[in-house]
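2 protein chains.
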Amino acid sequence: MDPNHSDYIYHLAVDVGGSLTKLVCFTKNEDHPDDESKASGSCPVLKGRINFKKFETSKINDCLEFIKSMKLHLGGSQQQQDGPGRLTAIKATGGGAHKYADLFKERLGISLEKEDEMDCLVVGANFLLKVVRQEAFTYMDGQKQFVKIEHSDLYPYLLVNIGSGVGMYKVDGDGKFERVSGTSIGGGTFWGLGKLLTKCKSFDDLLELSYRGNNRVIDMLVGDIYGGMDYSKIGLSSTTIASSFGKVISDNKDLEDYKPEDIARSLLRMISNNIGQISYLNALRFGLKRIFFAGFFIRNHPSTMDTLSVAVNFWSKGEAKAMFLQHEGFLGAMGAFMSSDKHGVQELLVKQAEQPNPVSKTQVPLDGEFNADQSIECIFYEA
Amino acid sequence: MDPNHSDYIYHLAVDVGGSLTKLVCFTKNEDHPDDESKASGSCPVLKGRINFKKFETSKINDCLEFIKSMKLHLGGSQQQQDGPGRLTAIKATGGGAHKYADLFKERLGISLEKEDEMDCLVVGANFLLKVVRQEAFTYMDGQKQFVKIEHSDLYPYLLVNIGSGVGMYKVDGDGKFERVSGTSIGGGTFWGLGKLLTKCKSFDDLLELSYRGNNRVIDMLVGDIYGGMDYSKIGLSSTTIASSFGKVISDNKDLEDYKPEDIARSLLRMISNNIGQISYLNALRFGLKRIFFAGFFIRNHPSTMDTLSVAVNFWSKGEAKAMFLQHEGFLGAMGAFMSSDKHGVQELLVKQAEQPNPVSKTQVPLDGEFNADQSIECIFYEA
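As given, the protein sequences belong to chains A and B, one line each in that order.
Count along the first sequence from 1, add 18, and you get the number used in the numbering used here.
Count along the second sequence from 1, add 18, and you get the number used in the numbering used here.
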């Protein structure tokens with residue numbers, strides 16, 4: 019999005035998490051007349067795009083600068099400093115919505131209207147799953163497959179949000195959900211331990227590194243204990259990880275003697291596997307067949323998705339299914355966005371929302387523009 | 019035990035695990051006549067002690083040397099090199115029983131008769147829980163409390179064995195059990211990651227270090243995210259760990275800038291909490307009210323036991339109980355010991371076995387003598 023472009027900013031919401039701050043904003047696109055919608059007979063109120071962007075919370079100033087430079091808080095470039103489009107308050111969720119409220123007020127003159135984090139997360143998930151055509155997908159053996167989910171068949175499901183920590187929610191319907199579990203071993207653990215153990219400068223570097231790593235150098239495998247043999251009685255193959263980081267015990271090596279990529283790989287396997295297992299145990303507990311993994315830990319990373327899928331499949335003996343979301347990290351921000359009634363969003367019926375050209379890479383760059391791949395084209399109709 | 023002492027070695031068994039090798043051996047004590055037992059009318063066959071000792075598997079030679087120096091394989095000091103007490107085979111379990119079989123044969127002339135690891139573990143647990151008076155205990159708020167468990171009320175229970183990795187078993191009776199779950203995040207992870215992150219030279223040093231640590235310097239707490247506030251809606255207090263090692267993300271620090279004791283503490287909390295949670299979820303799944311935690315990870319460490327107890331209590335809302343075992347690390351070795359029929363152990367009825375002076379410290383020194391605190395005085399009667 020170009021600040022000199024003639025888009026209107028109709029709406030803006032933020033989700034300030036422990037590690038990442040997520041921003042969602044709607045831009046009306048005036049360039050395209052509403053040709054198709056006219057044919058349907060109902061009257062389109064708005065047509066445009068929902069845009070997504072993320073920032074590191076430790077660099078919250080980048081987020082403020084972005085909003086400022088894009089004039090998002092002023093209703094876009096067309097608006098005057100005190101024009102009608104000026105936002106005086108925006109919806110905000112995430113723990114940091116409390117912590118950074120003063121900063122937003124001071125720097126942008128915007129009040130943060132706090133929305134409950136869990137409410138937003140579930141509202142966002144339900145919206146995306148129901149409205150965006152290519153939102154949910156499975157990932158197995160390197161294959162990404164989009165899944166069409168009928169509205170009538172959506173509930174109940176387990177939503178696993180992997181941020182710095184992990185929250186698990188049983189979702190039974192619109193506004194009907196319960197936090198049933200969680201774990202402190204999440205994205206913050208991957209990046210925190212990874213930062214201490216490797217010289218990586220960012221989460222994405224660490225993830226990138228893990229691609230090239232071999233966890234067998236670090237982990238104690240069943241075969242390492244059983245002299246290369248399986249423990250077939252309990253279905254443990256020789257390559258099953260018996261103890262994460264267990265091989266380090268008997269090696270006469272220091273940290274510097276290990277390759278950072280092998281460490282990154284072990285960390286990723288350990289954490290993904292653990293989340294997959296705890297998720298499965300909670301799905302089992304409530305008889306849920308579908309587990310949706312969301313949050314910015316995943317980042318469309320093949321090994322993460324593969325480990326989560328394999329863990330769920332292994333433990334559930336194929337009964338439960340791991341699924342992923344195209345807008346994985348933006349559920350909370352999306353929910354905060356939906357919660358606003360400033361522009362009557364809640365009263366509008368979203369009839370169609372889709373990504374025109376779904377792509378497999380959903381990484382959102384930390385600097386510069388909104389990520390066009392993740393933006394959602396949508397038309398709001400009158401209800 | 020003194021090699022020149024006149025004890026007989028009646029029996030010897032080993033459990034060669036991924037990190038530790040455990041040894042159990044029975045010594046007959048001739049110094050004390052069987053006064054009490056005569057009064058009972060039945061005829062005592064053997065009276066003596068079951069002794070316990072552990073070694074690091076990476077230093078398996080220490081174990082072989084110990085057996086050699088104590089002449090355990092020769093049936094104790096009274097026996098000649100080829101005398102009647104000479105052991106030509108001993109029961110062995112654990113993954114290393116396969117791996118190190120040749121070494122035992124070569125160095126001691128002993129064949130290892132391999133017994134299934136899980137079978138041994140459960141046989142050992144059932145034996146100790148039924149026979150030793152002060153075996154099981156709870157640990158809450160720094161208080162250790164022994165629990166008397168009626169034989170009729172023992173089953174079913176969940177046995178969680180925390181070695182390098184973690185195995186979870188639903189035990190329904192003698193020889194009736196099933197491996198229901200496990201996790202690769204266990205003692206090997208604590209020690210492996212701890213070794214990489216601190217300059218500790220042993221597991222026990224790392225554990226000792228964790229006593230003095232403060233995990234709040236390393237972990238991202240709920241209060242860190244919510245600006246010091248609780249997230250009371252879901253019962254998360256401001257001191258709940260939201261993300262293990264999550265604070266490291268936003269700190270502009272290197273590994274050297276953190277205190278090793280704080281890192282050790284965070285690691286211990288992370289791993290104990292996770293094991294407690296997965297154990298609870300499995301206990302819930304099968305309606306088990308008692309969870310026995312065993313294995314050499316625990317080592318009677320207050321913080322470990324406290325974290326496990328609190329995790330089980332928190333997640334189960336007080337429904338399930340965490341319990342610990344005095345001989346926590348020796349279940350497998352004990353089971354291997356029991357599995358031998360060389361001396362008709364299986365045909366003998368153990369009427370009484372107790373520790374004369376139970377002490378709270380059960381750490382077994384790695385060098386030197388058997389640990390007297392953990393040895394069990396016992397009398398075998400004819401069935």
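Cβ atoms here follow ideal geometry from the backbone N, Cα and C, with glycine treated the same way.
By the DSSP assignment, the beta strand (DSSP E) with residue i in it spans what residues?
| i | result |
| --- | --- |
| residue 201 of chain B | 194-201 |
| residue 179 of chain A | 175-180 |
| residue 308 of chain A | 308-312 |
| residue 38 of chain A | 38-46 |
| residue 341 of chain B | 339-343 |
| residue 185 of chain B | 184-191 |
| residue 132 of chain A | 129-132 |
Is there a C-beta anywhere in chain B that falls below 7 Å from the one on residue i?
| i | result |
| --- | --- |
| residue 266 of chain A | yes |
| residue 290 of chain A | no |
| residue 32 of chain A | no |
| residue 263 of chain A | yes |
| residue 37 of chain A | yes |
| residue 175 of chain A | no |
| residue 182 of chain A | yes |
| residue 113 of chain A | yes |
| residue 142 of chain A | no |
Closest by CA to residue i, which one among the options?
| i | options | result |
| --- | --- | --- |
| residue 137 of chain A | A/126, A/111 and A/128 | A/111 |
| residue 128 of chain B | B/141, B/147 and B/105 | B/105 |
| residue 74 of chain A | A/43, A/35, A/88 and A/86 | A/35 |
| residue 181 of chain B | B/89, B/348 and B/226 | B/348 |
| residue 271 of chain B | B/236, B/327, B/303 and B/258 | B/236 |
| residue 319 of chain B | B/232, B/190 and B/226 | B/226 |
| residue 115 of chain A | A/342, A/78 and A/144 | A/78 |
| residue 160 of chain A | A/303, A/45, A/150 and A/327 | A/327 |
| residue 284 of chain B | B/299, B/330, B/335 and B/207 | B/207 |
| residue 195 of chain A | A/175, A/213, A/257 and A/395 | A/175 |
| residue 168 of chain A | A/294, A/153, A/179 and A/135 | A/153 |
| residue 213 of chain B | A/273, A/148 and A/233 | A/273 |
| residue 210 of chain A | A/289, A/341, A/193 and A/126 | A/289 |
| residue 86 of chain B | B/340, B/311, B/223 and B/126 | B/126 |
| residue 166 of chain A | A/356, A/151 and A/324 | A/151 |
| residue 404 of chain B | B/135, B/29, B/92 and B/334 | In the structure as shown, chain B begins at 19 and stops at 401. Residue 404 of chain B is therefore absent and cannot be evaluated. |
| residue 219 of chain A | A/344, A/46 and A/282 | A/282 |
| residue 293 of chain B | B/33, B/177 and B/233 | B/177 |
| residue 302 of chain B | B/335, B/242, B/346 and B/144 | B/335 |
| residue 1 of chain A | A/139, A/45, A/84 and A/32 | Here chain A covers residues 19 to 401 and nothing more, so residue 1 of chain A does not appear. |
Beta-carbon of residue i versus every beta-carbon of chain A: anything under 7 Å?
| i | result |
| --- | --- |
| residue 110 of chain B | no |
| residue 243 of chain B | yes |
| residue 350 of chain B | no |
| residue 238 of chain B | yes |
| residue 231 of chain B | no |
| residue 204 of chain B | yes |
Under 8 Å by Cβ, that's how I've got residue i and residue j pegged, so tell me the actual separation to the nearest angstrom.
| i | j | result |
| --- | --- | --- |
| residue 201 of chain B | residue 278 of chain B | Actually they are not in contact, since the Cβ atoms of residue 201 of chain B and residue 278 of chain B sit about 25 Å apart, beyond 8 Å. |
| residue 82 of chain A | residue 108 of chain A | So it is not a contact: roughly 12 Å between Cβ atoms. |
| residue 315 of chain B | residue 340 of chain B | No, residue 315 of chain B and residue 340 of chain B are not in contact; Cβ-Cβ is about 14 Å, not under 8 Å. |
So the alpha helix (DSSP H) residue i belongs to, where does it begin and stop?
| i | result |
| --- | --- |
| residue 224 of chain A | 221-229 |
| residue 295 of chain B | 278-304 |
| residue 167 of chain A | Looking at the DSSP string, residue 167 of chain A is not in any alpha helix (DSSP H), and its letter there is neither H nor E. |
| residue 268 of chain B | 265-268 |
| residue 323 of chain B | 320-333 |
| residue 352 of chain A | 349-357 |
Please tell me whether residue i has its Cβ less than 7 Å away from any Cβ of chain E.
| i | result |
| --- | --- |
| residue 260 of chain B | Although the question refers to chain E, the structure presented lacks it and instead comprises the protein chains A and B. |
Is any heavy atom of the ligand NAP found at a distance shorter than 6 Å from the C-beta of residue i?
| i | result |
| --- | --- |
| residue 189 of chain A | The ligand NAP is not part of the structure shown, which contains no ligands of any sort. |
| field | Contact residues within the segment 187-202 of chain A, judged by C-beta distance below 7 Å to chain B | value | 197, 201 and 202
| request: Compile a chain-ordered list of the residues in the segment 288-312 of chain B whose CB is closer than 8 Å to at least one CB of chain A. | output: 288, 291, 292, 295, 296, 299, 300, 302 and 303
| task | Mind checking the segment 206-228 of chain B against chain A and listing, in chain order, the residues whose C-beta falls within less than 7 Å of any C-beta there? | result | Under the 7 Å Cβ criterion, the segment 206-228 of chain B contributes 206, 207, 209, 210, 211, 213, 214 and 215.
| task | Give, in chain order, every residue of the segment 273-286 of chain B whose Cβ lies closer than 7 Å to some Cβ of chain A. | result | Within the segment 273-286 of chain B, the residues whose Cβ lies closer than 7 Å to any Cβ of chain A are, in chain order, 273.
| query | At a Cβ cut of 8 Å, what residues of the segment 65-95 of chain B count as close to chain A, listed as they run along the chain? | reply | 75 and 76
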